Amino acid sequence: MFNKIIKRGNRKGARGDSAEVAARPAAPSSSSGSGGGGAGGAAPVTVNHASRATAPSPSSPTSPHVTPSAFATNPAVGAASPPLLEPLPLLRDVAAADRPGLILRKLRLVAALFDLSDSLKHPREKEAKRQALLELVDYVQAPAQAAGANAPTRLPDHVQEALVLAISANIFRPLPPALHESAAAIDPGAAPDDDEEPYLDPSWPHLQLVYELLLRYVVSPDTDTKVAKRYVDHAFVLRILDLFDSEDPREREYLKTVLHRIYGKFMVHRPFIRKAINNVFYRFIFETQRYNGIGELLEILGSIINGFALPMKEEHKLFLARALIPLHKPKSVVIYHQQLSYCIVEFVEKDYKLADTVIRGLLKYWPVTNCQKEVLFLGELEEVLEATQPAEFQRCMVPLFKQIARCLNSSHFQVAERALFLWNNDHIVSLIAQNRGVIFPIIFEALERNIHSHWNQAVHGLTANVRKMFLDMDSELFEECQQQYMDKQAKAKEMQEQRESAWRQLEAVVAAKAAGDDMVLVN
């Protein structure tokens, strides 16, 4: 019994000691490193505040990581007061030999993480961090102007490493749940609303400075790619691509610029970046069909495709066939279709032999019930046909104009109108004229149906113009097609009359049998 009492007293004493330790302000660590904020380097120190009963663990993701070089607690103030800021001089006010050390201290401050959704928490620390970011942006952009004429033109290697680690600690974070995911959690049966306002991250004013620092570092002529590629590596690029799923369009715009600059500067990363973007498209097309940054990635690819050398590599052709063309399949293609169409046309303009592959790919994913997508497809098809040569046109003209004929007879007037607008393009008209013997018979019936039965007057007028164009182009072929159409209609009418006659005979036989008393069962 005595041993149990002693053990119980020890447990209470340990519990009380831990509570007393938690109430004290954490002592600054004497160790220092090249990075901060959970990315490796200096040991983080937890800052205590009056609103917390106990100090959170330094590894806690919600606790601000503050390095001892930037912050120090005032011994004259109790643990309930916020820590006082250690003032850091401006870069221009210190000697050139001391400047790398000061930059490291400012980077440790930048790597400190705060709750940016609440403006009342750590206001002085946030402002100090903002000022440090502004000064570092100016220094990386123009060292001579920011720190004086004697400033070194290139950052030391360990400073570059600390810079990338500080940037990583700020931008690489769990993204908030998407709007459709939040709605699904509340109501699983709710359909996503496409008209919702885009999400704007409350921490964006801070993140913008971090992205600006990264961008200035990448584009700076003083950044040596042989050194920088150690820190801006494949893992860094993959994490950048993950951030493209951000709901905030302002962040995606910065990410687009940063990734494009990385692709242009780090030639060693180019194949990997193309492959990584390829994998993002595959996952979007065949798995999730939800990804916010498809349009921005396509804008980057539009610039990349424009720089492809000829003859085009087989890798690029496979990318067109396996990734870009299947991007027409998702329902959300309306959001990024403009950028996708630009990339597709760039491929055809680079290598005209790809026109047949592109047109057949469009026909494969042609929408059946979505009229808005049909209008977009017809617009893209016109741009592709403008870059198509006669030899490639002949390979795909039969299935192409069968689909165009179906669009001409669409009950949705915008689809029929957009299909008829193809005849306003001189290059397409010349391609049709060269192959009129094949094309006229395919679409003549569709034109006649529009003339006789389409409900929209604008479609009537456009159809009459196209019909007259055919007549002026080749009157003999027009009369031949008209005769074939009349024969087909007469044959169809004759078959309809035979069918109706057969039904009348069957009705008469049934009526005659029903009138009698006997019924014949036919097995």
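According to my numbering, the residues represented by the sequence shown are -19 to 503, in order.
We put the CB at the ideal spot given by N, CA and C, even for glycine.
None of these values were measured; they are calculated from a predicted model.
Residue environment for alanine 77: exposed (fewer than 16 other C-beta atoms within 10 angstroms of its C-beta). For phenylalanine 94, no alpha helix (DSSP H) encloses it, and the DSSP letter there is neither H nor E. Secondary structure note for histidine 432: its alpha helix (DSSP H) is the uninterrupted segment 416 to 433.
Here the C-alpha atom of proline 306 lies approximately 26 Å from the C-alpha atom of histidine 214.
According to the DSSP assignment, lysine 255 belongs to the alpha helix (DSSP H) that extends over 250 to 263.
Taking a 10 Å sphere around the C-beta of serine 321, we find 16 or more other C-beta atoms and assign the residue as buried. A Cβ-Cβ separation of about 23 Å leaves valine 328 out of contact with alanine 385 under the 8 Å criterion. Inter-segment contact for the segment 482 to 490 and the segment 447 to 456 is absent: fewer than three beta-carbon pairs are separated by less than 8 Å.
Between histidine 296 and isoleucine 285, the gap from beta carbon to beta carbon is short of 9 Å.
Between arginine 416 and aspartate 454, the CB-CB gap stays under 9 Å. Pairwise C-beta distances place the segment 462 to 479 out of contact with the segment 435 to 442, as fewer than three of them are shorter than 8 Å. Of the candidates Gln462, Leu180, Ala438, the residue whose Cα lies closest to the Cα of phenylalanine 393 is Ala438.
If you check the CB distance, proline 80 and leucine 135 come in under 9 Å. Methionine 453 carries a helical assignment under DSSP once its states are collapsed to helix, strand and coil. If you ignore the 5 residues before and after cysteine 461, its C-beta comes within less than 6 Å of the C-beta of Phe420, Pro421, Phe424, all in its own chain and listed in chain order.
Collapsing the DSSP output to three states places tyrosine 179 in coil. The DSSP-derived three-state label of threonine 237 is helix. In the DSSP assignment, glutamate 372 falls within the alpha helix (DSSP H) that extends over 370 to 388.
In the DSSP annotation of this structure, the continuous segment of the alpha helix (DSSP H) that includes serine 148 starts and ends at 137 to 151.
Leucine 358 is not a Cβ neighbour of arginine 302, given a cutoff of 9 Å. In the structure shown, the three-state DSSP call for glycine 287 is coil.
Between isoleucine 242 and isoleucine 220, the gap from beta carbon to beta carbon is short of 9 Å. Its chain contains Ala426, Arg429 as the residues whose beta carbon lies nearer than 6 Å to that of asparagine 389, once the 5 sequence neighbours on both sides are disregarded; these appear in chain order.
Going by DSSP, leucine 116 is part of the alpha helix (DSSP H) stretching over 103 to 121. Going by DSSP, glutamate 366 is part of the alpha helix (DSSP H) stretching over 351 to 366. The shortest C-alpha to C-alpha distance from glycine 287 to any of His102, Gly273, Asp331, Asp336 is the one to Asp331.
When secondary structure is reduced to three states using DSSP, threonine 203 falls in the coil class, being assigned neither helix nor strand. The criterion of a C-beta distance shorter than 9 Å is not satisfied by aspartate 118 and aspartate 181.
Note on geometry: alpha-carbon atoms of aspartate 73 and arginine 85 lie some 15 Å from one another. Between isoleucine 147 and valine 90, the C-beta gap is smaller than 9 Å, which places the two residues in contact. Counting of Cβ neighbours within 10 angstroms places glutamine 140 among the buried residues, the total reaching 16 or more. Cβ neighbours of histidine 317 within its own chain (closer than 6 Å, five residues either side excluded): Leu356.
Within the same chain, Val139 come within 6 Å of isoleucine 83 by CB-CB distance, once the 5 residues on both sides are set aside. Counted as a single uninterrupted DSSP element, the stretch harbouring glutamine 269 is not any alpha helix (DSSP H), since DSSP gives it neither H nor E. The DSSP-derived three-state label of lysine 309 is coil.
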